[in-house]
Every structure is written in structure tokens, then in C-alpha cells.
Amino acid sequence: MWGFRSTLTIAAPALAIALASPAIAQDKSDEGEKSTEELAKEAQNPVAKLISVPFQFQSNYGVGPFHQPQGVLNIQPVIPITINDDWNLITRVITPVISQPKFSPTDHREFGLGDMNPTLFLSPAKPGGIIWGIGPTFLLPTATDNNLGNHRWGAGPGAVVLTIKGPWVVGALVNKISGPSPARGRARMSTR
């Protein structure tokens, strides 16, 4: 039977893809057409001035008391906003779609959305050899099931630093999310 959560689980990723589709029709930039190699490097740069919708799949094995696999598909639309000639604001929202194994013999496998993690990076428009961005990161209690998220608000600082040398993109993206005291029966949340 289709309920609100089932509909939301299907509608939210479809909406994210539909909203990002205008990026396909985007006009050429003033810089001219970019090479495939340049576009590939920008796609790996979380603060590049490039609209992208990367998908990242994680498969975790041996989860829960029955040692079953868990699958997490992170949909991560990145939308840059030009503030002025010197600065860009890069928005990045991670939306996990989770297939969670059962944790007791009477449970069933859960499938749905996890808590969303939007991040804003303030980044120089014309970086040198070191590319960086800093800004706030948030945790939004959007999970469609109790087993798929923390069900708490959270916020904290985020930063990214990287360099591109030849075919290599090397760097780190870090954040620290803190939230209010947990509800009874929930684990304390302090990092992510």
C-alpha cells in the first residue's frame, strides 16, 4: 500500500533530479568550451563553479545482528552561486537513499530517505594552486523511518581544501555537526 513515506521516498529524488536538469541546457561560459579533462577535474572539485548532480553508492556489509548488507545512495547536487567577481557560494545538499537491513526477527528491511546534510561553502572565484572553501553545514531530520536517521537538527562548521595536479585531485572535505541532547533511546550525536 502506498503511503506518504513511500511517495516521498520516490518523489524527493525525482524532484532533485528534475530541478538539476536545467544544468544540461546551460549556456557556454565566457571562457569558451572546456575539454573533457577539465570538466572531469571540475566534477571532482566540490567547490568548482559547475552545476553537477553526483551520485555516490556505498555498500556496507555485516550490518546489524544478522550481518546483512546495507546500501546507501547519496544524491549530492552542487549548485554554485556567484556573489561577486571575487567570491562564489557553493551549495551542496547530500540526500541519502538507504536500504537498511532488519535488526530483529520481526523487523523487515527498511527503504527510504535518511537525514539531509546541506552545506554552504564560501570560496574564492579565482583560486590559486590551493582551492578552498569554508561555511556552515546542517543536519535536517528528514528521514522517512526511525531506523534511517537521527531525527534531530544539527549544525556546525565545514571546510574543503584541495589541489589539482595533472590527473590527480587531492584534498579533504571535513565537517563537525553538533545537535541537541538525544531523545531517550537515541545515541548522542557529535560528529559526522
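Each residue of the sequence shown is one higher than the one before, starting from 0 at the first, in numbering that gives the first Met the number 0. Beta carbons are placed, not taken as given, at the ideal position from N, Cα and C, and that holds for glycine.
(message) Distance check for PRO104 and PHE54, CA to CA, integer angstroms please.
(response) As the crow flies, the alpha-carbon of PHE54 is around 32 angstroms from that of PRO104.
(message) Can you tell me whether GLN43 is helix, strand or coil according to DSSP?
(response) When DSSP states are grouped into helix, strand and coil, GLN43 belongs to the helix group.
(message) The beta strand (DSSP E) that contains GLY63, what's its start and end?
(response) DSSP places GLY63 outside any beta strand (DSSP E), giving it a letter other than H or E.
(request) Taking only the alpha-carbon atoms, compute the straight-line gap between ILE82 and LEU88 and give it to the nearest angstrom. (result) Using only the alpha carbons, I get a separation of about 7 angstroms.
(request) Return the Cβ separation of TRP152 and PRO117 in integer angstroms, given the expectation that the two are a contact with Cβ distance under 8 angstroms. (result) Beta-carbon to beta-carbon, TRP152 and PRO117 are separated by about 12 angstroms, too far to satisfy the 8 angstroms threshold.
(request) Reducing DSSP to helix, strand and coil, say where GLU109 ends up. (result) Strand.
(request) For TRP152, write down the residues that DSSP places opposite it in a beta bridge. (result) In DSSP, TRP152 forms no bridge with anything.
(request) Provide the residue(s) that pair with LEU72 in DSSP beta bridges, ordered along the chain. (result) According to DSSP, LEU72 bridges with PHE56 and VAL96.
(request) Give the straight-line distance between the Cα atoms of THR94 and PRO100, rounded to the nearest whole angstrom. (result) Each residue's Cα considered, the two are about 19 angstroms apart.
(request) Using the DSSP secondary-structure output, state which residues sit across from ASN87 in a beta bridge. (result) Beta-bridge pairing links ASN87 to THR81 and SER122.
(request) Take VAL169 and list the residues in its own chain whose beta-carbon comes closer than 7 angstroms to its own, dropping the five residues that flank it on each side. (result) Answer for VAL169: LEU161 and THR162, listed in chain order.
(message) Determine, for VAL52, whether the minimum Cβ-Cβ distance to residues of chain C falls below 8 angstroms.
(response) No chain C appears in this structure, which consists of one protein chain only.
(message) Taking only three categories from DSSP, how would you classify THR143?
(response) In the structure shown, THR143 adopts coil according to DSSP, grouped into three states.
(message) Quick check on DSSP: helix, strand or coil for LEU172?
(response) When secondary structure is reduced to three states using DSSP, LEU172 falls in the strand class.
(request) Give me the Cα-Cα distance between ASN145 and PHE102, rounded to the nearest whole angstrom. (result) Counting only the Cα atoms, PHE102 lies some 12 angstroms from ASN145.
(message) For VAL92 and ILE80, I'd like the C-alpha separation in whole angstroms.
(response) The straight-line gap from Cα to Cα measures roughly 14 angstroms.
(request) Identify whether LEU38 lies in helix, strand or coil by the three-state DSSP scheme. (result) Helix.
(request) Would you kindly work out how many angstroms separate the C-alpha atoms of PHE110 and SER122, rounded to a whole number? (result) Cα to Cα, PHE110 sits roughly 36 angstroms from SER122.
(message) Let me confirm a value: ALA171 is counted as buried when at least 16 other C-beta atoms fall within 10 Å, else exposed. Which label applies?
(response) Label assigned to ALA171: exposed.
(message) Between which two residues does the beta strand (DSSP E) holding PRO135 run?
(response) 130-138 is the extent of the beta strand (DSSP E) around PRO135.
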